[in-house]
Every structure is written in C-alpha cells, then in structure tokens.
Amino acid sequence: MSDAVEVPQDMNIPHSRPSLSPQEAAAVASVMATGHIAQGPVMENFEQALALRIGRSQAIGTASGTAALHLVLLAMSIEAGDEVLIPSYVCTALLNAVNYVGANAVITDVDPATGNMDPFDARRRMTDNTRAIIVPHMFGCPAAMDELLALGVPIIEDCAQAIGATYDNRPVGSFGHAAVFSFYATKVMTTGEGGMVVSDSAELADRVRDLRDYDKRFAYRLRYNYKMTDLQAAMGLVQLSRLDEFVGQRRALAMNYRAAFDGSKFQVPAADEGHIYYRFVMGVPGDPAEWIRHLAVRGVTCARPVDPPLDVLLGRNDCPDARAAWQRHLSIPIYPSLTTTEQDRVIEGILAHSEVTR
Ligand SMILES: Cc1ncc(COP(=O)(O)O)c(C=O)c1O
9 MSDAVEVPQD MNIPHSRPSL SPQEAAAVAS VMATGHIAQG PVMENFEQAL
59 ALRIGRSQAI GTASGTAALH LVLLAMSIEA GDEVLIPSYV CTALLNAVNY
109 VGANAVITDV DPATGNMDPF DARRRMTDNT RAIIVPHMFG CPAAMDELLA
159 LGVPIIEDCA QAIGATYDNR PVGSFGHAAV FSFYATKVMT TGEGGMVVSD
209 SAELADRVRD LRDYDKRFAY RLRYNYKMTD LQAAMGLVQL SRLDEFVGQR
259 RALAMNYRAA FDGSKFQVPA ADEGHIYYRF VMGVPGDPAE WIRHLAVRGV
309 TCARPVDPPL DVLLGRNDCP DARAAWQRHL SIPIYPSLTT TEQDRVIEGI
359 LAHSEVTR
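Residue numbers (the numbering used here): 9 to 366.
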C-alpha cells in the first residue's frame, strides 16, 4: 500500500486519549455547585481513597507528579552535595526535581527488556553520598524492587506510569520510603494535571503537607504552591473507582498486540503479570522515526516512549542499554477507549510497514 494515503482528521488515532465519562463531568459540576473549588474536603477524600488503594497510611495531593517528587526530596532534606540515582530512560521530570534541590543526579543504565533501572548498574554507581534512588516503573511494568531495595538506600518509587500495577502481588507505590503518582492528561487515570505523594512515614507526610502550601503559616520558610484543587480531586475519585476497569482493558488490548506481533520481527514487551501497559513499547527493525512517519500517514500516531535518554541529553553518553532501547523502541496507541477497529488499523499499519523494512 502506498504511503500517500490521505486520512481524514477525524479518523486519526491519537497516541494517548483520556478515558472520561459523564460521571467525571457530574462530579466536577457538583463541586462547582458547592462554591468551594480550591483544595478542600474532596481532595482529602481523594487522598484517603488513594492511600487505601495503595496500602499506605499517608497520602498528600499535589499539583503534578513533578511537584510530588520535588516535595519528597525536600522532605528528605536532600540538598547540594547529595547524590540521587535516577535511570537514564525516563522523562526529564526526574532530573528537574533533583536539580530543583541542588543535588547531583547520577544517571544509571536500564534493563533493556523492560526499560527499568538496572539494579547492578545502580550498585556500581553508588557512593557514600548516595542519599536516595528514584525508581520509576516504566510504561506500567514494575521495576525489580527486591534487587533495588537490597541496595540499602531509601527508595522513592515513581508510579507516574504505573498506578494499578503490582510487584509480587502488591501494589507498586507500597514498597519505597515514599512513592509519587502523576495524574497528567495522558496518564492511566487523570485529573488534567495533578500528583500524589504516599508514604507510611507521618513525619515525611507532615513535611510534604507543610511545604505544599504557604498560607496561614506563622513562621517563614521557603514554601510552595503545589496544591491540588477539589475540582481535580472530584475527577480523580471517579477515575480511581474505574482504575480496575482501565487496567483490564489495557491488558486485553496488550494481549491482542502480543498475539499480532509475537514471533515476528518485533520485540514485544516483557511478559510480567503485574504490568498494566500504560504504554505498549515494542522493538522495531530500522529507525523508529521512520515508523512514526509511516504510521502518521495512515492516521496512526505513534511516538518514541521517551525523549533521548538523560545521559545523552547531558552529554555523558555512558548508558549503552538505554541508548540501544531508544534506537529501536516504538510506542503504539493503547488506552481503554481504543476500539477494536482502531486497534486493527494500528496492527495493519505496522504489519504493512514491516513488509518493507528489514
Ligand atoms: C516517570 C515519570 N515521572 C514523573 C513524571 C512527571 O509527572 P507530571 O507531568 O505530572 O509532572 C512523569 C510525566 O510524564 C513520568 O513519566
């Protein structure tokens, strides 16, 4: 089939799409009707519901996942001279959070099978100044928590891409000293923008709560406006009640992709029963940019799963597995509202291009 097919705009299949229903709209409208739209009781309900879901005693809503990371690092008193390990194959939000507190980000390589932090490489890069490790569960696949916890350094789990995933039958977010979530519009569940910190440490939670807001404080210190509104929380509560449904739909879609692509020239994601497939990331032959162009012409929006690896962005170039993953990874549409017809179009587009690609 020629690449010169014109696809009408309304037939485009986006890379991400939020799963919103009249229930979210009604919940937001009911908060508006109360006249109290800033951070308040609905946000507290959302915090409690999320704490319960993850199995933590403390949860603190924030303006974003980045704000959540920043507040946790501040609450752990991480500062200039300290080192924080973060993986290379991730967005720059982690690097920004470490830089906000003036600490040194030490970039580790990743497991090429999952894109998650490689515990062996992490151990190699630890020093006496290592104060924390930020461990994202990339693309919804749980990281190797046993090996990472065995490193003996406080872990901040980054569950921005993995709410609902499990490791060893326990929710991700229940393992580290603290964990953060993001509810950005493209995430598994969304509040437009938003985030959450969870922990079992009441002391850490108190510090995060204190730093999140500057109002009605009787002694000055540097604080932030990192609050979540009740409008966002109302949406978050509905989305949380639908999380199991979302995860089931994502896993069913992933199974279809796996059946279509397994055993061919593609590398499908590692099979992990705790995976929730926030992204379906597969290794493709040839240049992923070429695949993205080819599929765009057919009205299928695919993407690189991350921007260039952090070690490359920083000019360090010392994480070969992250770079190799970036050179072959393609992220294809997967979300609960992707219809069977749409998924078939994605599969057809990929198989068609695979015939002309070595
Ligand atoms: C792994 C990871 N951590 C943190 C963030 C930052 O979250 P936010 O965009 O809510 O600030 C993201 C966002 O994409 C992410 O993917």
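Glycine included, every Cβ here is placed at the ideal spot set by N, Cα and C.
The structure displayed is predicted, hence computed values, not measured ones.
Query, Result
"Straight-line Cα distance separating H185 from G271", "40 Å"
"Bounding residues of the alpha helix (DSSP H) (the contiguous stretch that carries A88)", "Premise fails: A88 is in no alpha helix (DSSP H) and is neither H nor E."
"Length of the line joining the Cα atoms of D221 and D319", "34 Å"
"In DSSP terms, what A186 is bridged to", "I164, S207"
"Between the CA atoms of M19 and G244 - distance to the nearest angstrom", "29 Å"
"Y192 Cβ short of 7 Å to ligand 1 heavy atom set", "yes"
"Secondary structure of A12, DSSP reduced to three states", "At A12, the pLDDT of 49 sits below 50, so the modelled position is not reliable and the matter cannot be decided from this model."
"Entirely enclosed beta strand (DSSP E) segments - the stretch 90 to 115, minimum 3 residues", "91 to 95"
"G244 (DSSP reduced to helix, strand or coil)", "helix"
"Distance cut-off 7 Å: S96 Cβ against heavy atoms of ligand 1", "no"
"Residue closest to P162, alpha-carbon to alpha-carbon, out of W299, S96, Q247, V92", "V92"
"Burial state of S345, where buried means 16 or more other Cβ atoms lie within 10 Å", "exposed"
"As assigned by DSSP and simplified to three states, the class of V118", "strand"
"For A35, the first and last residue of its enclosing alpha helix (DSSP H)", "30 to 42"
"Collapsed DSSP secondary structure at T347 in the structure displayed", "coil"
"A378 beta carbon near ligand 1 (any heavy atom closer than 7 Å)", "An answer regarding residue 378 cannot be provided, because it is not within the stretch 9 to 366 covered by the chain."
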